[in-house]
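K.L.:
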Amino acid sequence: MTPLAGFLIVAALVFAIGLAIALTRRNAILVLVGIELMLNAANLNLIAFWRFSLHAANSLTGMMFAIFSIAVAAAEAAVGLGLVIAYHRHTKTTDLDAMTRMKG
Amino acid sequence: MIHGIGIVFLITSAITVAGALAAALLKNLIHCVLCLSITLAGLALLYLQLDAQFAGFAQILVYIGAVAILVVFAILLTRGAGIAEYRNVSSSWLVSLVIAAAIFALLAWAVIKSFPTTVAGASPGTTVQSIGSALMSTYVLPLEIVAVLLTVALIGAVIVAMPESGAAGKSIEKGGAQ
Chain A
1 MTPLAGFLIV
11 AALVFAIGLA
21 IALTRRNAIL
31 VLVGIELMLN
41 AANLNLIAFW
51 RFSLHAANSL
61 TGMMFAIFSI
71 AVAAAEAAVG
81 LGLVIAYHRH
91 TKTTDLDAMT
101 RMKG
Chain B
1001 MIHGIGIVFL
1011 ITSAITVAGA
1021 LAAALLKNLI
1031 HCVLCLSITL
1041 AGLALLYLQL
1051 DAQFAGFAQI
1061 LVYIGAVAIL
1071 VVFAILLTRG
1081 AGIAEYRNVS
1091 SSWLVSLVIA
1101 AAIFALLAWA
1111 VIKSFPTTVA
1121 GASPGTTVQS
1131 IGSALMSTYV
1141 LPLEIVAVLL
1151 TVALIGAVIV
1161 AMPESGAAGK
1171 SIEKGGAQ
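From first to last, the protein sequence lines stand for chains A and B. When the first sequence is numbered by the working numbering, its final residue is 104 and no position is left out of the sequence of numbers. When the second sequence is numbered by the working numbering, its final residue is 1178 and no position is left out of the sequence of numbers.
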């Protein structure tokens, strides 16, 4: 197994675990945590492909992708947690099985 | 230079995957988020091994410093509400696990089938100065768009999470009283 394949396998594992968290847990905040893990796995893929490309020395494209992706993920986390807290204020629950209506 | 799969890579990837697994399996939500921050630190170490120093330290600053703390605050603000202790996973957990395992199998199969002989070139020697000048020249438009996106998203998050005042808040309180 080549080094690039090692990094990609780790990224695939983290992605699969994040997907499992997002699909199986009942707490809305933990679903957001799973989404963060999936985004991080994608970032690891971007940086690994950038490092093992032939133009890594004179091109920053892959790392810029990862940096912008980190910024967008931070914005996503803030909005998602704000939504969860707003929902919790109305219905006193963060249980996804109990979240059956969005109307205040 | 990255010559092969070394012991450092094995240790850091084991820490990363173990943290993610613990975040998936633990029952206490705070413990889950602490394990998530271990995973994020492991990913930052992997970035450092890939000669992406700036991305690694940005990962530590943004994720461990901000996102993990934000998630802990959100858990503490919504604590003790509606999470049944006896059943932590959703009713369709078996199907979800099968889907996740299938996706991992597909990804791993694709990775192992391809890239038979890829070796890394010389270290890129990326400095913060070159990243900064690239952000200010080639990537200035995406940088501005991300700046506007962050501003709008954070203001929007505050507005969404803010308690309603006036008529809307009163009607909701009435509905809750009924």
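The C-beta atom is built at its ideal place from N, Cα and C for all residues, glycine as well. As the structure is a computational prediction, the values presented were derived from the model and not from experiment.
On the premise that Val1089 (chain B) lies in contact with Thr24 (chain A), defined as a C-beta separation below 8 Å, what is that separation, rounded to the nearest angstrom?
P.N.:
Working through the first sequence from its first residue, we reach residue 24 (chain A) at position 24. Working through the second sequence from its first residue, we reach residue 1089 (chain B) at position 89. Between Val1089 (chain B) and Thr24 (chain A) the Cβ distance is about 5 Å, and since that is below 8 Å, they are a contact.
K.L.:
Leaving out the 5 sequence neighbours to the left and right, which residues in its chain are closer than 7 Å to Val33 (chain A) when beta-carbon positions are compared?
P.N.:
Here residue 33 (chain A) is taken as the residue at index 33 of the first sequence, counted from 1. Closer than 7 Å at the Cβ level, and outside the excluded window around Val33 (chain A), lie Ile21.
K.L.:
Just the C-alpha distance for Met1001 (chain B) and Ala1055 (chain B), rounded to the nearest angstrom, thanks.
P.N.:
Walking along the second sequence from the start, residue 1001 (chain B) turns up at place 1. Walking along the second sequence from the start, residue 1055 (chain B) turns up at place 55. In this predicted model, Met1001 (chain B) has a pLDDT of only 45, less than 50, meaning its place in the structure is not dependable; the value taken from the coordinates is given anyway. If I take the Cα positions, the gap works out to 18 Å.
K.L.:
At least one CB of chain A closer than 8 Å to the CB of Ala1023 (chain B): is that the case?
P.N.:
Counting from 1 along the second sequence, the entry for residue 1023 (chain B) is found at position 23. With 8 Å as the cut-off, Ala1023 (chain B) counts as an interface residue toward chain A.
K.L.:
Does DSSP put Asn1028 (chain B) in a helix, in a strand, or in coil?
P.N.:
For the purposes of this step, residue 1028 (chain B) is taken as the residue at position 28 of the second sequence. Coil.
K.L.:
For the alpha helix (DSSP H) that Ile1103 (chain B) lies in, which residues bound it at each end?
P.N.:
Walking along the second sequence from the start, residue 1103 (chain B) turns up at place 103. Run containing Ile1103 (chain B): Trp1093 to Lys1113, per the alpha helix (DSSP H) assignment.
K.L.:
Nearest CA to the CA of Ile1015 (chain B): which residue from B:Cys1035, B:Pro1124 and B:Leu1107?
P.N.:
Here residue 1015 (chain B) refers to the residue found at position 15 when the second sequence is read from its first residue. Measuring from the Cα of Ile1015 (chain B), the nearest candidate turns out to be B:Cys1035.
K.L.:
Only counting the same chain, and skipping five residues up and downstream in sequence, which positions put a Cβ closer than 6 Å to that of Leu46 (chain A)?
P.N.:
What you label residue 46 (chain A) is simply residue 46 of the first sequence in a count that begins at 1. So the list reads Gly62, Phe65 and Ala66, once near-sequence residues are dropped.
K.L.:
For Asn27 (chain A), list the residues DSSP reports as bridge partners.
P.N.:
Counting from 1 along the first sequence, the entry for residue 27 (chain A) is found at position 27. Answer is A:Asp95, bridged to Asn27 (chain A).
K.L.:
Can you list, in chain order, the stretches of the alpha helix (DSSP H) that have 4 or more residues and sit fully within the region 1022–1068 of chain B?
P.N.:
Qualifying alpha helix (DSSP H) stretches, in chain order: 1029–1049 and 1053–1059.
K.L.:
Looking at C-alpha atoms only, which residue of A:Ala42, A:Asp95, A:Ala16 and A:Leu4 is the closest neighbour of Ala1105 (chain B)?
P.N.:
Residue 1105 (chain B) sits at position 105 when you count from the first residue of the second sequence. Of the candidates A:Ala42, A:Asp95, A:Ala16 and A:Leu4, the one whose C-alpha sits nearest the C-alpha of Ala1105 (chain B) is A:Ala16.
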